[in-house]
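Visitor: The structure under discussion is supplied below as structure tokens; questions concerning it will follow.
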Amino acid sequence: METLTNKTAVVLGASGSSNFGSVIARRLAKEGANVVVAARRREPLEALAEEIGGLAVACDVTEEAEIAGLFEAASAKYGNVDIAVNSAGILSGDPISELSAEKIRPTLEISFIGALLYFKHAAAAMQNGGSVITISSLTARIPGPQLAVYAGARAGIDYSIKVAALEYAEKKIRFNSIAAGLIQTDMTDGFFALDAIIDAHLNDTPAGRMGTVNDMAEAALFLADESRSGFINGQVLDLSGGQQMGHLPRF
Numbered sequence: 001m002e003t004l005t006n007k008t009a010v011v012l013g014a015s016g017s018s019n020f021g022s023v024i025a026r027r028l029a030k031e032g033a034n035v036v037v038a039a040r041r042r043e044p045l046e047a048l049a050e051e052i053g054g055l056a057v058a059c060d061v062t063e064e065a066e067i068a069g070l071f072e073a074a075s076a077k078y079g080n081v082d083i084a085v086n087s088a089g090i091l092s093g094d095p096i097s098e099l100s101a102e103k104i105r106p107t108l109e110i111s112f113i114g115a116l117l118y119f120k121h122a123a124a125a126m127q128n129g130g131s132v133i134t135i136s137s138l139t140a141r142i143p144g145p146q147l148a149v150y151a152g153a154r155a156g157i158d159y160s161i162k163v164a165a166l167e168y169a170e171k172k173i174r175f176n177s178i179a180a181g182l183i184q185t186d187m188t189d190g191f192f193a194l195d196a197i198i199d200a201h202l203n204d205t206p207a208g209r210m211g212t213v214n215d216m217a218e219a220a221l222f223l224a225d226e227s228r229s230g231f232i233n234g235q236v237l238d239l240s241g242g243q244q245m246g247h248l249p250r251f
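Structure follows, in structure tokens:
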């Protein structure tokens, strides 16, 4: 059953061949939604939009005018926006001892400042309530070395969804986050070539397997659909097979 028929979803960060944004866009479209896909690179967006019968809009999340333009284009094409997913992000990994302001700023511009401005313009386009979803990370839940900037930005936006849920309560807009463990995508392919890294994750994951992009797509669909998750708001959904819990050593 297509539960998102006549709904419109905007998915930012959908220019990869196999990343969270593109897989989520396909899943929401399969469920009947009109889907607007956005990212900085237009060419792969156009191909994805053609595949799913949607609309492609180039958008750099570090430019507020482009975020505003994205939602203006979505509203002009389909009317009201009902779902907004932010999957934009970049990897950054430096020990604190080697950080500089120049190394810190790009991640904050995309993963914190851009994400907050995405909230602002997404909510402004939602006239009949809606669901705003941001993609976060297991690294914002449990610490790891060299991740102060990346994880700090993700943790900051995970807290901001709680504030947003309160501020937009009267508009009936829900804000939730998905904190993903290590999942193979265009951006993380390199990690999956290293058996030691994967084995270490598997040893600490009670589910006994690595997550997949399909797991992410189903989680996003769950949070996007009012009939499935309408009473969930201001929540961080852990998508890491239980790894987020940590545990005492196994004897």
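For the sequence shown, the positions run 1 to 251 when full-length UniProt numbering is used. Just so it is clear, CB atoms sit at the ideal spot from N, CA and C, and this is done for glycine as well. None of the values given here were measured: they were computed from a predicted structure.
My output table needs one value for threonine 139: the three-state DSSP class, helix, strand or coil.
Guide: Note: threonine 139 maps to helix in three-state DSSP.
Visitor: Going by C-alpha distance, which of Glu102, Asn80, Ala73 is nearest glycine 130?
Guide: With distances taken between Cα atoms, glycine 130 lies closest to Asn80.
Visitor: Do you know offhand how far leucine 166's Cα is from asparagine 233's?
Guide: In a straight line, the C-alpha of leucine 166 is about 9 Å away from that of asparagine 233.
Visitor: Check whether the segment 189–198 touches the segment 144–151, taking contact to mean three or more Cβ pairs, one atom from each stretch, closer than 8 Å.
Guide: With the cut-off at 8 Å, the segment 189–198 and the segment 144–151 do not touch.
Visitor: Which same chain residues, not among the five before or five after isoleucine 104, have their C-beta less than 7 Å away from its C-beta?
Guide: Val149.
Visitor: Whose CA, out of Gly230, Ala140, Ser87, Leu99, lies closest to the CA of aspartate 186?
Guide: It is Ser87 whose Cα lies nearest to the Cα of aspartate 186.
Visitor: Who does residue 252 pair with in a DSSP beta bridge?
Guide: Not covered by the structure: residue 252. The range shown for the chain is 1 to 251.
Visitor: Closer than 8 Å is the cut-off here; do at least three beta carbon pairs connect the segment 56–64 with the segment 21–40?
Guide: Because the criterion of three Cβ pairs below 8 Å is met, the segment 56–64 and the segment 21–40 touch.
Visitor: Can you tell which of Gly32, Lys172, Thr5, Ala124 has its C-alpha closest to the C-alpha of phenylalanine 231?
Guide: Of the listed residues, the one whose Cα sits closest to phenylalanine 231 is Lys172.
Visitor: Checking the sheet assignment: what are the DSSP bridge partners for alanine 58?
Guide: Note: alanine 58 sits in a beta bridge opposite Ala39.
Visitor: If we ignore side chains and look at the alpha-carbon of each, how far apart do leucine 4 and valine 85 end up?
Guide: Each residue's alpha carbon lies about 14 Å from the other.
Visitor: Going by DSSP in three states, threonine 205 sits in which element: helix, strand or coil?
Guide: It is coil, neither helix nor strand.
Visitor: How long is the line joining the alpha carbons of glutamate 51 and glutamate 218, rounded to whole angstroms?
Guide: So the two alpha carbons sit approximately 19 Å from each other.
Visitor: From alanine 125 to phenylalanine 175, what does the alpha carbon distance come to, in whole angstroms?
Guide: Distance between the alpha carbons of alanine 125 and phenylalanine 175 is about 14 Å.
Visitor: Measuring alpha carbon to alpha carbon, tell me which residue in Leu70, Gln146, Asn19 is nearest leucine 99.
Guide: When each option's Cα is compared against that of leucine 99, the closest is Gln146.
Visitor: Comparing C-alpha positions only, which one of Thr134, Ala9, Gly16 sits nearest to asparagine 34?
Guide: The option with the nearest alpha carbon to asparagine 34 is Ala9.
Visitor: Let me know the secondary structure DSSP gives asparagine 233 once reduced to three states.
Guide: Asparagine 233 falls in the coil class under three-state DSSP.
Visitor: Do alanine 180 and leucine 239 have their C-beta atoms closer together than 8 Å?
Guide: Yes; because the gap between Cβ atoms is below 8 Å, this pair is in contact.
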